[in-house]
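**Student:** If you read the protein sequences in the order shown, they are chains A and B.
Here the working numbering is used: the first residue of the first sequence is 18, the next is one more, and so on.
Here the working numbering is used: the first residue of the second sequence is -10, the next is one more, and so on.
Sharing a structure below in structure tokens format, with a few things to ask.
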Amino acid sequence: METKLLWIPLLPFIGFLLNGMFGKKFGPRVVSWIGCLAPLGALAVTYSSWKQLTGVVDRLDQVVFPWIWLEGILEIPFKLTFDGLSATMCLVITGVGSLIHLYSIGYMRGDAGYHRYFAYLNLFTAFMLILVLADNLLLMFVGWEGVGLCSYLLIGFWFEDDANCVAGKKAFIVNRIGDFGFLLGMFLCIVHFGSLDFGVLTDREIIAGVAASSAWGMPAVGATTLITLLFFFGATGKSAQIPLHVWLPDAMAGPTPVSALIHAATMVTSGIYLCCRLMPLFESSPVCMAVIAGIGATTALFAAFIAFSQNDIKKVLAYSTVSQLGYMFFAIGMGAFSAALFHLVTHAFFKALLFLGSGAVIHAMHHEQDMRKMGGLRKQLPFTHMMFLIGTLAIAGMPPFAGFFSKDEILFSGFMNAFGEGASGQAQIFWGISFLTAGMTAFYMLRCLALTFWGESRVAPETVNKVHEPGGWIAFALFALAIASTVGGFLGVPAILGGHNVIGHFTGLHVETSGLSAAALETHHAMEWTSMILSLVMAAGGLVLGYFFYGSLADVRKSLTSENPIGQRLRHLSGNKLFVDELYHKVVVRPIEILSWLLFFFIDRLLIDWILVEGTALVTRATGDFFRRMQTGFIPGYLMTFGCGVLVLLYILLNILTGNGS
Amino acid sequence: MFSITTILYLTASLFCIGIYGVLARRNIIVVLMSLELMLNAVNLALVAFGRVHGTASFAGEHSGQIFTLMVLAVAAAEAAIGLSLLLVIWRRWHSIDVRKLSRMSG
């Protein structure tokens, strides 16, 4: 079948080339047209390709060219694949991406780097689309690295400020640490599978064969366990999970639409996508699944805890993103890949909405991000307040908003693992953590909403009269995303509510329950109802608590956090982000600095500078000094030396001639 | 595919662009970039020659590519050193204009 898959990443790439090379001459009007038409065109091609996916044709392929070709040893084509999973990702990237491009027209208006901004944003879209369309790991890695580069460029977009450059570098370096795991995983795949094709890597028969063998050079570890652990390490870098989560909050230094697109909706979810893409491989290693569930749940809890006391509106959202990504990994660890992908999609909607909403506030407040200097904005920004409220309800998991359905599916999968058949104590702990986090999420989001929009106004007097509602494209993008956050959940309505999980079936990640007997199905449904009601109560509890703590009961909250010793300590920990940055500084950065200093002193200074360079000069000079003494200008002295020389030569010559030499 | 002559024209022109950059530009970063361009022109030529003259054996067939990987690795080291020199130069003289950096001459 004729496919136009290549055009999906190619259109944004052309946009990048045009804006990047000629953007300055075009002027902002043309730049906006090119910049926005590129992802919109990609969206149109994605849509028409998606239409081609019928029940009969479940995937489209396009081999662009043979890429790395060692006959019979390693053959890697530049091949794009469009199946349910990549179609879903492409629709999210181009759909949400286009809206954010449109929003940027309003947000970035008048910026000196306007054309540069759109060029980077288009390049990012192109790489992200390559990442999800790739048919093998290597091509995916091209996209993986490309989005990392664009993330770096856009975090440090306002490079005149040194702090932004530092944040960009931090993001890039931490990501590179994760990429190292990805690379090692790929090498092991070549060793064990002899291929990087997703077709081979997801073939359950081949995987079963590899899983039985032990990893190359490491007899104690199973091959698939090591491979999946390495890929998961790569995913923790990109998707900001413990221990590599430190870069994402700092990445908020970039423009807000960038935070929405790259650091909430798309790039940071590529770790989830990687796991979903390699689902059979991950499923073959229970050890790795347990690690993923543990890290995911822990990250969700830690990030939510830190979000409690952040004062920067974007930092709250950043930690909330880390926390929600933790949720997705928790779902993957529980074997609910379809729930993870579903949450990825709904999260893309409501988190983009929240970020763009915060962007509208920041724009209105003339680049003030501190929530302590906001408050009472509801009266001046009623529209933005509505949008932010929808986003908050969606992320808290209130029905019928999108977050309810996806989060419920995740919590239910945890609940099944914890209390269903074959339950383990470990799974119960993980479920407990994620259940607690559901309430915490609702609480800190309501705190964010209350501090920004409700209560007394703390706006600086010189800006208070200049606060204005956003217009045009900003409002349009917010409105569209608010609609998506409201109805997006209906993509995956569970069976007990009369749906049949459209998205789970479409992406091919759904695990069928139809094989169960009627009685088992009934228990299954009963458990699902229990889980749903529990999580709803938890989320509502968080919201209500937040409503009162940041409203009429503010005194109780203040006495809890400033007088109670435990409350004080917790607040101290949360406010300082659990001291992870400080720990890394001591454990990683300081030793490297000391090692560099030692190398500098002993190798560079001592060996090269002093011994080799100055040493050579010194030896030459000393030799010269020594022999200079012989140049006395005293002729008899010269003759004396000459005579001695002749004698020595004669002695040697005689020795040879008299036969000692023969 | 392309004939060897076409590819050699391409590599020659890339190489010349590189030479021009090294000789004519004043910004050290651009000079370094031009240097990389020259290296890559050579790489392209190596791969092309490898394809044309490769023998039947595995190593023979891919020697051009293997050599290119070598060059890439060395170029990476060269770039690292070049850029760190650049940093030191910037810190010391606050300029990366090659014409202003003539302290070494008598």
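We put the beta carbon where it would ideally sit given N, CA and C, even for glycine.
What does the alpha-carbon distance come out to for the pair B:Trp79 and B:Asp86?
**Tutor:** The residue labelled residue 79 of chain B in the question sits at position 90 within the second sequence. The residue labelled residue 86 of chain B in the question sits at position 97 within the second sequence. In a straight line, the C-alpha of B:Trp79 is about 10 Å away from that of B:Asp86.
**Student:** Buried or exposed: which applies to A:His280, given that a residue is buried once 16 or more other Cβ atoms fall within 10 Å of its Cβ?
**Tutor:** Taking the first residue of the first sequence as position 1, residue 280 of chain A is located at position 263. Buried: at least 16 other Cβ atoms inside 10 Å.
**Student:** Could you pull out every residue in the same chain whose Cβ sits closer than 7 Å to the Cβ of A:Gly678, ignoring the five residues on either side in sequence?
**Tutor:** Walking along the first sequence from the start, residue 678 of chain A turns up at place 661. Annotation note: pLDDT 49 at A:Gly678 (below 50); position unreliable, coordinate value reported separately. Cβ within range, chain order: Asn672.
**Student:** Quick one: measure Cβ to Cβ for A:Thr245 and A:Cys305, integer angstroms, because I've assumed they're closer than 8 Å.
**Tutor:** Taking the first sequence and counting its residues from 1, one reaches residue 245 of chain A at position 228. Taking the first sequence and counting its residues from 1, one reaches residue 305 of chain A at position 288. That belief holds up - the Cβ atoms of A:Thr245 and A:Cys305 are roughly 4 Å apart, short of 8 Å.
**Student:** In terms of DSSP beta bridges, what is A:Met235 paired with?
**Tutor:** Residue mapping note: residue 235 of chain A aligns to position 218 of the first sequence, counting from 1. Partner(s): A:Ala232.
**Student:** Determine whether the beta carbon atoms of A:Phe82 and A:Gly130 lie at a separation below 9 Å.
**Tutor:** Position 65 of the first sequence, counted from the start, is the residue given in the question as residue 82 of chain A. Position 113 of the first sequence, counted from the start, is the residue given in the question as residue 130 of chain A. No, these two residues do not count as a Cβ contact at 9 Å.
**Student:** A:Leu148 to A:Ile289, Cα distance in whole Å?
**Tutor:** For this step, residue 148 of chain A is matched to residue 131 along the first sequence. For this step, residue 289 of chain A is matched to residue 272 along the first sequence. So the two alpha carbons sit approximately 12 Å from each other.
**Student:** For the alpha helix (DSSP H) containing A:Val663, list its first residue and its last residue.
**Tutor:** The count along the first sequence starts at 1 and reaches residue 663 of chain A at position 646. Its alpha helix (DSSP H) spans residues 652 to 674.
**Student:** Can you list, in chain order, the stretches of the beta strand (DSSP E) that have 3 or more residues and sit fully within the segment 47 to 96 of chain A?
**Tutor:** Runs found: 76 to 87.
**Student:** Report yes if the CB atom of A:Pro297 is closer than 9 Å to the CB atom of A:Asp220, and no otherwise.
**Tutor:** Position 280 of the first sequence holds residue 297 of chain A. Position 203 of the first sequence holds residue 220 of chain A. For A:Pro297 and A:Asp220, yes; Cβs fall inside 9 Å.
**Student:** Output the residue ranges of the alpha helix (DSSP H) runs that lie fully inside the segment 121 to 166 of chain A and measure 4 residues or longer, sorted by chain position.
**Tutor:** Qualifying alpha helix (DSSP H) stretches, in chain order: 131 to 150.
**Student:** Which residue wins for smallest C-alpha separation from A:Arg395, given the options A:Gly650, A:Ala377, A:Gln79, A:Val183?
**Tutor:** Taking the first sequence and counting its residues from 1, one reaches residue 395 of chain A at position 378. If we check each option's Cα against that of A:Arg395, A:Ala377 comes out closest.
**Student:** CA-CA distance, B:Gly7 and B:Ala30?
**Tutor:** For the purposes of this step, residue 7 of chain B is taken as residue 18 along the second sequence, with counting starting at 1. For the purposes of this step, residue 30 of chain B is taken as residue 41 along the second sequence, with counting starting at 1. Going by the C-alpha atoms only, they are around 9 Å apart.
**Student:** Please tell me whether A:Gly261 and A:Asn192 are closer than 9 Å, where the distance is taken between their beta carbons.
**Tutor:** For the purposes of this step, residue 261 of chain A is taken as the residue at position 244 of the first sequence. For the purposes of this step, residue 192 of chain A is taken as the residue at position 175 of the first sequence. The question names Gly, yet the displayed sequence has Leu at residue 261 of chain A. Their beta carbons are under 9 Å apart, which means A:Leu261 touches A:Asn192 by this criterion.
**Student:** Cα separation between A:Ala492 and A:Ile379?
**Tutor:** Residue mapping note: residue 492 of chain A aligns to position 475 of the first sequence, counting from 1. Residue mapping note: residue 379 of chain A aligns to position 362 of the first sequence, counting from 1. C-alpha separation (whole angstroms): 14 Å.
**Student:** Bridge partners of B:Asn16, per DSSP?
**Tutor:** Mapped onto the second sequence, residue 16 of chain B falls at position 27. The partner list for B:Asn16 (beta bridge, DSSP) reads B:Asp86.
**Student:** Need the endpoints of the alpha helix (DSSP H) that A:Ala512 sits in, please.
**Tutor:** Position 495 of the first sequence, counted from the first residue, corresponds to residue 512 of chain A. Segment: none, A:Ala512 is in no alpha helix (DSSP H) and carries neither H nor E.
**Student:** Are there 16 or more other CB atoms within 10 angstroms of the CB of A:Tyr567, so buried, or fewer, so exposed?
**Tutor:** The sequence position of residue 567 of chain A within the first sequence is 550, counting from 1. Buried, because 16 or more other Cβ atoms sit within 10 Å of the Cβ of A:Tyr567.
**Student:** Among residues of its own chain, excluding the 5 on either side of B:Val77, which ones have a beta-carbon nearer than 7 Å to its beta-carbon?
**Tutor:** Reading the second sequence from its first residue, position 88 is the one you call residue 77 of chain B. Answer for B:Val77: no residue qualifies.
**Student:** Can you tell me the Cα-Cα spacing of B:Thr(-6) and A:Ala357, whole angstroms?
**Tutor:** In the second sequence, counting from the first residue as 1, residue -6 of chain B sits at position 5. In the first sequence, counting from the first residue as 1, residue 357 of chain A sits at position 340. One C-alpha to the other measures close to 53 Å.
**Student:** Answer yes or no: do A:Ile427 and A:Met345 have a C-beta to C-beta separation smaller than 9 Å?
**Tutor:** Taking the first residue of the first sequence as 1, we reach residue 427 of chain A at position 410. Taking the first residue of the first sequence as 1, we reach residue 345 of chain A at position 328. Yes, they are a contact pair.
**Student:** Spatial neighbours of A:Glu343 within its chain, please: CB distance less than 6 Å, with the 5 preceding and 5 following residues excluded, ordered by chain position.
**Tutor:** Your numbering for residue 343 of chain A matches position 326 in the first sequence. The sequence shown places Gly at residue 343 of chain A, not Glu. Once the five neighbours on either side are set aside, the close Cβ partners of A:Gly343 are Gly313, Thr316, Ala317.
**Student:** In its own chain, which residues sit with a C-beta less than 8 Å from the C-beta of A:Thr503, not counting the 5 before and 5 after it?
**Tutor:** The count along the first sequence starts at 1 and reaches residue 503 of chain A at position 486. Excluding residues within five positions, the ones whose Cβ falls inside 8 Å are Ile407, Ala411, Pro417, Phe418, Ala419.
**Student:** Relative to the C-alpha of A:Phe496, which residue among A:Val333, A:Val263, A:Leu371, A:Asp178 is closest?
**Tutor:** Against the first sequence, residue 496 of chain A aligns to sequence position 479. Among A:Val333, A:Val263, A:Leu371, A:Asp178, the Cα nearest to that of A:Phe496 belongs to A:Leu371.
**Student:** Specify the secondary structure class of A:Gly568 as computed by DSSP and reduced to three states.
**Tutor:** For the purposes of this step, residue 568 of chain A is identified with residue 551 of the first sequence, where counting begins at 1. Three-state result, A:Gly568: coil.
**Student:** Should A:Phe422 and A:Phe359 be called a contact, given that it needs their Cβ atoms to be closer than 9 Å?
**Tutor:** On the first sequence, residue 422 of chain A is found 405 positions in, with the first residue counted as 1. On the first sequence, residue 359 of chain A is found 342 positions in, with the first residue counted as 1. Cβ atoms of A:Phe422 and A:Phe359: closer than 9 Å.
**Student:** Give me the residue from A:Pro303, A:Pro274, A:Phe197 with the minimum Cα distance to A:Val238.
**Tutor:** The residue labelled residue 238 of chain A in the question sits at position 221 within the first sequence. Per the Cα distances, A:Pro303.
**Student:** Please state whether DSSP places A:Asp387 in a helix, a strand or coil.
**Tutor:** For this step, residue 387 of chain A is matched to residue 370 along the first sequence. Looking at A:Asp387 - three-state DSSP - the assignment turns out to be strand.
**Student:** Please work out which residues of its chain come closer than 8 Å, Cβ to Cβ, to A:Met235, disregarding the five sequence neighbours upstream and downstream, and give them in chain order.
**Tutor:** Translated into positions along the first sequence, residue 235 of chain A becomes position 218. Cβ neighbours of A:Met235 beyond the five flanking positions: Leu243.
**Student:** Can you give the Cα-Cα distance for B:Lys96 and B:Trp82, rounded to whole angstroms?
**Tutor:** For chain B, the structure presents residues -10 to 95; residue 96 of chain B sits outside this window and is missing.
**Student:** For A:Gly431, which residues from the same chain have a beta carbon less than 6 Å from its beta carbon, with the 5 sequence-adjacent residues on both sides left out?
**Tutor:** The residue labelled residue 431 of chain A in the question sits at position 414 within the first sequence. Cβ within range, chain order: Met351, Trp448, Ser451.
**Student:** Ignoring anything shorter than 4 residues, give me the alpha helix (DSSP H) runs that lie fully in the segment 310 to 376 of chain A, in order along the chain.
**Tutor:** The segment 310 to 376 of chain A contains these whole alpha helix (DSSP H) runs: 330 to 350.
**Student:** So the alpha helix (DSSP H) A:Pro26 belongs to, where does it begin and stop?
**Tutor:** Reading the first sequence from its first residue, position 9 is the one you call residue 26 of chain A. Its alpha helix (DSSP H) spans residues 24 to 43.
**Student:** Can the beta-carbon of A:Arg133 be found closer than 9 Å to that of A:Pro45?
**Tutor:** Your numbering for residue 133 of chain A matches position 116 in the first sequence. Your numbering for residue 45 of chain A matches position 28 in the first sequence. Contact: no.
**Student:** Return the chain-ordered ranges of every alpha helix (DSSP H) run that is complete within the segment 401 to 445 of chain A and spans a minimum of 4 residues.
**Tutor:** For the segment 401 to 445 of chain A, whole alpha helix (DSSP H) runs of length 4 or above, ordered along the chain, are 419 to 436.
**Student:** Return the CA-CA distance between B:Val106 and B:Tyr(-2), expressed in angstroms with no decimal places.
**Tutor:** A question about residue 106 of chain B goes unanswered here, because the residues of chain B that appear run from -10 up to 95.
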